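J.:
Numbering (the numbering used here), first residue to last: 98 to 210.
(1) Rounding to the nearest angstrom, what Cα-Cα distance links residue 160 and residue 146 in this structure?
(2) When you compare only the Cα positions, how much space is there between residue 96 and residue 116?
(3) Under the three-state reduction of DSSP, which class applies to residue 117: helix, strand or coil?
(4) Taking 7 Å as the limit between beta carbons, can you name the residues of its chain near residue 171, skipping five residues before and five after?
(5) Express the C-alpha separation of residue 137 and residue 103 in angstroms, rounding to a whole number.
(6) Alpha carbon to alpha carbon, how far is residue 151 from residue 131? Give it in angstroms, no decimals.
(7) Does residue 154 come out as helix, strand or coil in the three-state DSSP assignment?
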């Protein structure tokens, strides 16, 4: 039993699936049952940590589940029960004026070519 617990914990915590963990992948695909299996044996603090862990781009499992919309509602709700925070998805902070400037220069670039 302890070996299974360790395997689940390592799988949930290890980045090695491209950019994130198994929790990121399950959240991105909207698989609530997989999330429950991965986090089943974790204590509350670990569940909260894994629900909010950022991948290499600063994206959390909560944010990934939100992207799927209604089809991943169960995954999103489970991550929220685990302590997920949906107001801190990205480590990158964008400024609206900077975004507007970048979009303007993109359109100018296209019209000049």
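Ideal placement from N, C-alpha and C gives every residue a C-beta, glycine not left out.
In this text, all values refer to a predicted model and were calculated from it rather than measured experimentally.
T.: Straight from the coordinates:
(1) 14 Å
(2) Not covered by the structure: residue 96. The range shown for the chain is 98 to 210.
(3) When secondary structure is reduced to three states using DSSP, residue 117 falls in the strand class.
(4) 129
(5) Because residue 103 sits at a pLDDT of 45, beneath the cut-off of 50, its placement in the model cannot be relied upon, and the following sentence gives the value as read from the coordinates. So the two alpha carbons sit approximately 12 Å from each other.
(6) 19 Å
(7) coil
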